[in-house]
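In our numbering, the protein residues as written are 2 to 212.
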């Protein structure tokens, strides 16, 4: 899972504590069931976070974007319960559990963010059964609202093509949803970003707020 973005933390200054890794498009950063030993900072690229159900069905939970952290839920050296896959060529920095101790000394406020984020992501995982029953419109609403929660604003740094790659929805389905939402002034395109103008309308589509 991806961690909350915090403008008070200069992650670029923390990269000295990690190791740089390049992941090609469609390659796995980590897989469900493998042991964790640290977390990743996303410097470049998009990462799709999924989980696999007991019957082998893949369910997307979130999209992680540059500036976020990934895999914090396995910092206790327990197995990952999600899979993270690079949507496009990506650059990530890996921080081992030992590196984390040095990072805390450099940026003490990180610890509080970790705790809040792990709690939030556990709620998302708890709702994965509920997510299976959602319509395409509701699935897209969840993804966009989760990203907004991560960045604490309603500007989503993704293009329509990015959303097609990440969500698993067909290009035509996604186009129809986006076109309708633009007509209803729920969202607006701004270059390579979406501005969510009426987040409450997306929440209404869900029937309950799960972010």
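Positions of the beta carbon are idealized from the N, C-alpha and C atoms, including for glycine.
Exercise for review: Could you tell me the boundaries of the beta strand (DSSP E) in which residue 175 lies?
Suggested key: By one-based count along the chain shown, residue 175 stands at place 174. Unbroken run through residue 175 is the alpha helix (DSSP H), 172–184; no beta strand (DSSP E).
Pull up the DSSP beta-bridge partners for residue 94, would you.
Here the question's residue 94 lines up with position 93 in the chain shown. Residue 94 is bridged to 21, 42.
Original post:
If we ignore side chains and look at the alpha-carbon of each, how far apart do residue 42 and residue 25 end up?
Top reply: In the chain shown, residue 42 corresponds to position 41, counting from 1. In the chain shown, residue 25 corresponds to position 24, counting from 1. Spanning the two alpha carbons is a distance of roughly 16 Å.
- Message: Can you tell me where the beta strand (DSSP E) holding residue 189 begins and where it ends?
- Response: The residue given as residue 189 occupies position 188 in the chain shown. 188–191 is the span of the beta strand (DSSP E), which, as asked, contains residue 189.
Practice item. Inspect the beta-carbon positions of residue 95 and residue 19 and report whether they are closer than 8 Å. Key: Within the chain shown, the letter at position 94 stands for residue 95. Within the chain shown, the letter at position 18 stands for residue 19. In this structure, residue 19 lies closer than 8 Å to residue 95 by Cβ.
Nonlocal neighbours in the same chain, by C-beta distance under 7 Å from residue 210, ignoring five residues either side:
Taking the chain shown and counting its residues from 1, one reaches residue 210 at position 209. Because the pLDDT at residue 210 is just 42, under 50, the model does not fix this residue reliably, and the value given afterwards should be weighed accordingly. The residues are 204.
- CA-CA distance, residue 3 and residue 184? As a working mapping, residue 3 is identified with position 2 in the chain shown. As a working mapping, residue 184 is identified with position 183 in the chain shown. Legend: pLDDT at residue 3 = 46, less than 50; position of this residue unreliable, value from coordinates given subsequently. Going from the Cα of residue 3 to the Cα of residue 184 covers about 31 Å.
### Query
Which whole-angstrom value describes the C-beta separation of residue 189 and residue 198, a residue pair presumed to lie in contact below a C-beta threshold of 8 Å?
As a first step, residue 189 is located in the chain shown; it is residue number 188 there, counting from the start. As a first step, residue 198 is located in the chain shown; it is residue number 197 there, counting from the start. With a Cβ gap of about 6 Å, residue 189 and residue 198 count as contacting.
| field | Member of 40, 167, 165 whose CA lies at the smallest distance from the CA of residue 220 | value | Since the first residue of the chain shown is 2 and the last is 212, residue 220 is not available in this structure.
When we look at the beta-carbon of residue 81 and count the other beta-carbons within 10 Å, is it buried (16 or more) or exposed? Walking along the chain shown from the start, residue 81 turns up at place 80. Counting Cβ neighbours within 10 Å, residue 81 comes out buried, since at least 16 surround it.
### Burial state of residue 141 (16 or more Cβ within 10 Å)
In the chain shown, counting from the first residue as 1, residue 141 sits at position 140. Around the CB of residue 141, 16 or more other CB atoms lie within 10 Å, so the residue is classed as buried.
query = Between residue 157 and residue 168, what straight-line distance do the alpha-carbon atoms span, to the nearest angstrom?
reply = The residue labelled residue 157 in the question sits at position 156 within the chain shown. The residue labelled residue 168 in the question sits at position 167 within the chain shown. Straight-line Cα distance between these residues: approximately 14 Å.
Which whole-angstrom value describes the C-beta separation of residue 49 and residue 73, a residue pair presumed to lie in contact below a C-beta threshold of 8 Å?
For this step, residue 49 is matched to residue 48 along the chain shown. For this step, residue 73 is matched to residue 72 along the chain shown. Their Cβ separation, rounded to whole angstroms, is 17 Å, which puts residue 49 and residue 73 out of contact at 8 Å.
*Going straight from the alpha carbon of residue 7 to that of residue 134, what length do you get?*
Numbered from its first residue, the chain shown carries residue 7 at position 6. Numbered from its first residue, the chain shown carries residue 134 at position 133. The predicted position of residue 7 is uncertain, since its pLDDT is 47 and thus under 50; a value taken from the coordinates is nonetheless stated next. Their backbone Cα atoms lie some 32 Å apart in a straight line.
ask   = How long is the line joining the alpha carbons of residue 207 and residue 136, rounded to whole angstroms?
value = In the chain shown, counting from the first residue as 1, residue 207 sits at position 206. In the chain shown, counting from the first residue as 1, residue 136 sits at position 135. Roughly 9 Å between the two C-alpha positions.
Whose CA, out of 110, 76, 176, lies closest to the CA of residue 31? As a first step, residue 31 must be located in the chain shown, where it is residue number 30. The residue with the shortest Cα to Cα distance from residue 31 is 76.
- Query: So is residue 63 buried or exposed if we call it buried at 16+ other beta carbons inside 10 Å?
  - Reply: For the purposes of this step, residue 63 is taken as the residue at position 62 of the chain shown. Classification of residue 63: buried, given that the 10 Å Cβ count is 16 or more.
- Message: I need the straight-line Cα distance from residue 110 to residue 92, nearest angstrom please.
- Response: Locating residue 110 in the chain shown gives position 109, counting from the first residue. Locating residue 92 in the chain shown gives position 91, counting from the first residue. Looking at the two C-alpha atoms, the distance is approximately 24 Å.
Excluding the 5 residues flanking residue 143 on each side, which residues of the same chain have their C-beta closer than 6 Å to its C-beta?
In the chain shown, residue 143 corresponds to position 142, counting from 1. Result list for residue 143: empty, nothing under 6 Å.
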